[in-house]
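1 is the number that numbering that gives the first Met the number 0 gives to position 2 of the sequence shown; each next residue is one higher, with no gaps.
For each residue, glycine too, the CB sits at the ideal point set by N, CA and C.
Owing to the predicted nature of the structure, the values given are computational and were not obtained by experimental measurement.
One structure is given below, encoded as structure tokens.
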Amino acid sequence: MQFNNIISILLLLLSFTACQKASSEESGSDREVALSMVSVHEDSLILNADKGLVFYRDGLFSGRAVRYYENGYLSVAKDYVEGKKHGYYRKWFENGMLSFESKYVDGYQEGRTATWWSNGNLRSDSNYKDGVPDGIQYQYYISGNKFKKMNLSMGKEDGLQQSWRENGKLYNNYEAKNGRIFGLKRASLCFQLDNEIVQYED
0 MQFNNIISIL LLLLSFTACQ KASSEESGSD REVALSMVSV HEDSLILNAD KGLVFYRDGL
60 FSGRAVRYYE NGYLSVAKDY VEGKKHGYYR KWFENGMLSF ESKYVDGYQE GRTATWWSNG
120 NLRSDSNYKD GVPDGIQYQY YISGNKFKKM NLSMGKEDGL QQSWRENGKL YNNYEAKNGR
180 IFGLKRASLC FQLDNEIVQY ED
């Protein structure tokens, strides 16, 4: 019987150690899920503009700041950790459809940011690194047709840049490299491309 008790105690200790390890290895997303249980109205937060930090009562805020429409639907939800945006920042239309979603890490946008039109179609699909647009960025017309495809390197054009009219016709198609532009870049829409040949319209 004593031996069985010893085994039981050892198993409990091992289980406790494993839980501690799992807790200490929580990812940022795990933390934000736990903190999202603490929700306050956005108006109750105080922004220290000089420090760029958000406070609640007497300390740095960790949790979720929310705002609602008059109809009771959620309008805004922002996740914070120790006064900085950390986790998801989302906005909704008054009908409850998602209009904006971005992820933050230590106060900076990181990874995918997306926006939607009120009809549910995707409006933009961007990528951020350390708070700066980086990588392929897309924009769309309200119809769902593609509007722009941009390649950015830390906020600057780098690579192929393209734009389309709503009818699908390409009107910008150029390569950006080291501050120089190679290819077709037109401010006006008085032309179209036909098999990569510029055809000016009357």
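Item: Could you give the DSSP three-state label for SER152: helix, strand or coil?; Value: strand
Item: Straight-line CA distance for PHE181 to GLY167?; Value: 22 Å
Item: Curious, which full-length beta strand (DSSP E) runs of at least 3 residues does the segment 72-102 contain?; Value: 73-80, 83-91
Item: Following the continuous beta strand (DSSP E) through TYR137, name the residue where it begins and the one where it ends.; Value: 134-139
Item: Starting from the C-beta of GLN160, find all residues in its chain whose C-beta is less than 7 Å away, skip the five residues before and the five after it, and write them out in chain order.; Value: MET149, ASN150, ASN171, TYR173, ALA175
Item: Are ALA64 and HIS40 close, meaning C-beta to C-beta below 9 Å?; Value: yes
Item: So, is ASP133 buried or exposed, given that buried needs 16 or more other C-beta atoms within 10 angstroms?; Value: buried
Item: Give me the Cβ distance between TYR87 and LYS102, rounded to the nearest whole Å; I'm assuming they're in contact under 8 Å.; Value: 6 Å
Item: DSSP on SER35, reduced to helix/strand/coil?; Value: Its pLDDT being 47, under 50, SER35 is placed unreliably in this model, and the value from its coordinates should be taken loosely. In the structure shown, SER35 sits in coil (DSSP, three-state: anything other than H, G, I, E or B).
Item: When DSSP labels each residue in this structure, what does GLU165 get in the three-state scheme?; Value: coil
Item: Quick one: residues in its chain with C-beta nearer than 6 Å to the C-beta of LEU183, no 5 flanking neighbours on either side, listed in chain order?; Value: ASN172, TYR173
Item: Over what stretch of residues does the beta strand (DSSP E) that includes GLY106 continue unbroken?; Value: Careful: GLY106 lies outside any beta strand (DSSP E) and carries neither H nor E.
Item: Alpha carbon to alpha carbon, how far is ASN144 from PHE54?; Value: 42 Å
Item: Quick one: grab the DSSP three-state call for ASP129.; Value: coil
Item: Taking only three categories from DSSP, how would you classify GLU41?; Value: helix
Item: Which residues in the same chain as GLY106 place their Cβ atom closer than 6 Å to its Cβ, once the five residues preceding and following it in sequence are excluded?; Value: LYS83, LYS84
Item: Would you give the residue range spanned by the beta strand (DSSP E) that ALA64 belongs to?; Value: 62-67
Item: Taking C-alpha atoms, which residue in GLN136, ASN118, SER125, PHE99 lies nearest to LEU73?; Value: PHE99
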